[in-house]
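*Asks:* Before I ask anything, here is the structure I am working with.
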Amino acid sequence: MNHLLPHRYESRPVTMGDVEPTVKMLNIWSKKLLGVEAFEATDIGSEWTTPGFDLERDTRLVLAPDGEIVGYNEVWDIFDPHVHVYSWARVHPEYNGRGIGTYLMAWAEDRGRMALLKAPPEARVTLRGHCLSPDLAAAELFRNSGFNLIRYALRMVIELNGSPPEPVWPEGISVRTLVVGQDEPAALQAVRESFQDHWGYVERPFEDELERWKHFMATDDIFDPNLWFLAMASDRVVGTALNYPYVDDDHDMGWVGTLGVVREWRRNGLGLALLRHSFQDFHRRGKRKVGLGVDAQSLTGATRLYLKAGMHPDPDRQWSIFEKELRPGQELSTQSI
């Protein structure tokens, strides 16, 4: 890595003792860009202890001469087949323009290239990242670092001004909440089947993904099994609405986290029923707005479903997704259906 930090600035991996000061810096960034403090120590601690995530290998801090944390990057590359590495970085807004972002981007690329040794030899390998679309400085940094804009993601929102419409369930479907210690494998299998037609989907080892799910459930305060809805056809999970009581940057907004329907149960109203069931549940809990995230060019037409349900895009929460090819080859992720 040839990009140098300013004089007397230092970099190192994080330790678990860095959770609080890192959250402080991230919230300074969040307050500046989003208008709210969106990060919590429990969330960061849960992520940093994710099975397979190695703080020494996968994280990097930048410290100012006085020891203050002014930059952070994490790289996610914990699942086979290691073909799409993801970088997530933030810089203290008062330290922009000093080369910290460029340094972290170069570090992420060096870390990303470690995947070349683990990915199948014929596979295309990329490094990806994202930024808020209005954050033009971040977008310029991606482009200057050799990334291309490949996709947009949207937040869609509905205001629950009255009682939401009743869900209409397809014949043979019942709905219940997840039972911890019993339903995780079946729910995960349904999510995997539902998202195999999602742009960018890559099949991962089932047991590794299940282990990460269980870690999240055990360590992140935002998880509530009473918000995870399973659509059942007899004893099979055929649809999911895995919801959360709030979204990081708006605790008044309920969040539909993972809405999915397996292929053979699509186009019969199940997705809309799960969405309306979620709206009703949030309304009973006192939420008056609900949001979710979606691929703006969804291959399965998810944006049309959400518009039909009364949702609309939030113009302040659009993300630009960037990609840099680290090695050409066969694309192993879903690109079309």
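Residue numbers (the numbering used here): 3 to 339.
Note that CB positions come from ideal geometry on N, CA and C, so glycine has one too.
Contact check, S335 vs H86 under 8 Å by CB: the rounded distance?
*Replies:* Numbered from 1 along the sequence shown, position 333 holds the residue referred to as residue 335. Numbered from 1 along the sequence shown, position 84 holds the residue referred to as residue 86. Confirmed, about 6 Å.
*Asks:* Whole angstroms are fine: how far does the CA of L156 sit from the CA of Q320?
*Replies:* Within the sequence shown, the letter at position 318 stands for residue 320. Within the sequence shown, the letter at position 154 stands for residue 156. Near 5 Å, if we compare the C-alpha coordinates of L156 and Q320.
*Asks:* According to the neighbour-count rule (16 or more other Cβ atoms, all chains shown, within 10 Å of its Cβ), is F324 buried or exposed?
*Replies:* Position 322 of the sequence shown, counted from the start, is the residue given in the question as residue 324. F324 is buried by the Cβ-count criterion.
*Asks:* Determine, using beta carbons only, whether P172 comes closer than 8 Å to chain C.
*Replies:* Looking for chain C here will not work: only one protein chain is present.
*Asks:* Please confirm whether L36 and D251 have their CB atoms less than 8 Å apart.
*Replies:* If you number the sequence shown from 1, residue 36 lands on position 34. If you number the sequence shown from 1, residue 251 lands on position 249. Yes, they are a contact pair.
*Asks:* For Q332, which beta-bridge partners are listed by DSSP?
*Replies:* As a position in the sequence shown, residue 332 is number 330, starting the count at 1. DSSP lists A125 as partners of Q332.
*Asks:* So the beta strand (DSSP E) T179 belongs to, where does it begin and stop?
*Replies:* Reading the sequence shown from its first residue, position 177 is the one you call residue 179. Note, T179: beta strand (DSSP E), I175 to T179.
*Asks:* How many angstroms separate the CA atom of D137 from the CA atom of Y308?
*Replies:* By 1-based counting over the sequence shown, the position of residue 137 is 135. By 1-based counting over the sequence shown, the position of residue 308 is 306. Taking the straight line from one Cα to the other gives about 26 Å.
*Asks:* Given a cut-off of 8 Å on the beta-carbon distance, is the pair V127 and L118 in contact?
*Replies:* To locate residue 127, count along the sequence shown from 1; it is residue 125. To locate residue 118, count along the sequence shown from 1; it is residue 116. Yes, the pair counts as a contact, with Cβ atoms nearer than the cut-off.
*Asks:* Please confirm if the segment 279-292 is in contact with the segment 160-167, defined as three or more CB-CB distances below 8 Å between the two stretches.
*Replies:* Touching, yes.
*Asks:* Which value, in whole angstroms, describes the spacing of the CA atoms of W50 and K26?
*Replies:* The count along the sequence shown starts at 1 and reaches residue 50 at position 48. The count along the sequence shown starts at 1 and reaches residue 26 at position 24. Taking the straight line from one Cα to the other gives about 16 Å.
*Asks:* Pull up the CB-CB distance for R113 and V72, whole angstroms please, since I reckon it's below 8 Å.
*Replies:* Sequence index remark: in the sequence shown, residue 113 carries index 111 (1-based). Sequence index remark: in the sequence shown, residue 72 carries index 70 (1-based). About 19 Å; that fails the 8 Å criterion.
*Asks:* Strictly by DSSP, which residues pair up with P315?
*Replies:* Counting from 1 along the sequence shown, the entry for residue 315 is found at position 313. In DSSP, P315 forms a bridge with M158.
*Asks:* By DSSP, does E168 sit in helix, in strand, or in coil?
*Replies:* Here the question's residue 168 lines up with position 166 in the sequence shown. DSSP places E168 in coil when its eight states are reduced to three.
*Asks:* Just to check my reading of the structure: W230 and T179 have Cβ atoms closer than 8 Å, yes? What is that Cβ distance to the nearest angstrom?
*Replies:* The count along the sequence shown starts at 1 and reaches residue 230 at position 228. The count along the sequence shown starts at 1 and reaches residue 179 at position 177. Correct: roughly 6 Å between the Cβ atoms.
*Asks:* Please go through the same chain and pick out, in chain order, the residues whose beta-carbon is closer than 7 Å to the beta-carbon of N270, but skip the five residues on each side of it.
*Replies:* Locating residue 270 in the sequence shown gives position 268, counting from the first residue. The residues are P172.
*Asks:* For a quick check, are the C-beta atoms of A141 and L129 less than 8 Å apart?
*Replies:* Within the sequence shown, numbered from 1, the residue matching residue 141 stands at position 139. Within the sequence shown, numbered from 1, the residue matching residue 129 stands at position 127. Cβ atoms of A141 and L129: not closer than 8 Å.
*Asks:* For P227 versus V182, is the C-beta distance shorter than 8 Å?
*Replies:* Counted from its first residue, the sequence shown places residue 227 at position 225. Counted from its first residue, the sequence shown places residue 182 at position 180. Yes, Cβ-Cβ distance for P227 and V182 is below 8 Å.
*Asks:* Where does M255 fall in DSSP's three states?
*Replies:* To locate residue 255, count along the sequence shown from 1; it is residue 253. Correct three-state label for M255: coil.
*Asks:* Taking the Cβ atom as the reference point for each residue, do L276 and A243 lie within a distance shorter than 8 Å?
*Replies:* The residue you call residue 276 lines up with position 274 of the sequence shown. The residue you call residue 243 lines up with position 241 of the sequence shown. Cβ distance < 8 Å, so L276 and A243 count as in contact.
*Asks:* Going by CA-CA distance only, name the one from D210, I175 and G174 that's closest to L190.
*Replies:* For the purposes of this step, residue 190 is taken as residue 188 along the sequence shown, with counting starting at 1. Cα-wise, what sits closest to L190 is D210.
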